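Numbering (our numbering), first residue to last: 2 to 125.
Quick notes on the structure that follows.
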């Protein structure tokens with residue numbers, strides 16, 4: 002097992018990713034697998050800080066699910082009553098109501114909480 006070092010910069014990240022590529026397909030319960038798992042954890046921690054993946058917007062969740070199901074915007078329009086509203090929601094210009102979130106949960110299988118924007122505290 003090679004010496005495992007912390008990942009402090011992108012050059013270290015590149016080296017770790019290269020080594021991970023070399024270790025893929027190693028035997029289970031081997032020193033190589035232990036190295037692979039340790040490097041994977043280090044890469045994940047570094048990327049979480051330096052390259053965070055933003056949470057998807059409700060519109061992004063809907064678009065992703067439509068893509069996965071092979072559906073289109075016009076399929077969605079049947080559940081909101083018009084293409085204009087469907088387009089506005091997918092563009093993030095119209096907020097998804099709790100009632101619509103429930104309807105789309107039943108139609109698309111997306112959890113309701115993933116469709117509703119997070120509540121923001123009111124100023125006061």
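Even glycine gets a Cβ: it sits at the ideal position worked out from N, Cα and C.
On a predicted model such as this, the values are computed, not experimentally measured, just so you know.
For residue j and residue i, believed in contact at Cβ under 8 Å, the rounded distance
i           : j          : result
residue 116 : residue 63 : 7 Å
Close-in-space but distant-in-sequence residues of the same chain around residue i (CB under 8 Å, 5 per side omitted)
i           : result
residue 148 : Since the first residue shown for the chain is 2 and the last is 125, residue 148 is missing from the structure and cannot be characterised.
residue 99  : 113, 117
residue 122 : Bear in mind that a pLDDT of 41 at residue 122, under 50, signals an unreliable position, so the model cannot answer this.
residue 67  : 73, 74, 76, 77, 109
Local Cβ density within 10 Å of residue i, reported as buried at 16 or more and exposed below that
i          : result
residue 70 : exposed
residue 36 : buried
residue 25 : exposed
residue 54 : exposed
residue 17 : buried
residue 46 : exposed
Cβ-based neighbour list, residue i, same chain, cut-off 6 Å, excluding 5 preceding and 5 following
i          : result
residue 34 : 27
residue 89 : 95
Residue nearest to residue i in terms of C-alpha spacing, selected from the options
i          : options         : result
residue 11 : 109, 52, 113    : 52
residue 22 : 40, 31, 88      : 40
residue 20 : 38, 9, 31       : 38
residue 72 : 109, 47, 89, 32 : 109
residue 5  : 56, 42, 118, 98 : 42
residue 49 : 30, 97, 32, 8   : 8
Close Cβ partners of residue i (< 7 Å) along its chain, the five nearest in sequence each way excluded
i           : result
residue 87  : 74, 77, 78, 81
residue 104 : 80
List, from N- to C-terminal side, the beta strand (DSSP E) runs of 3 residues or more that fit wholly inside the stretch 3-87. none
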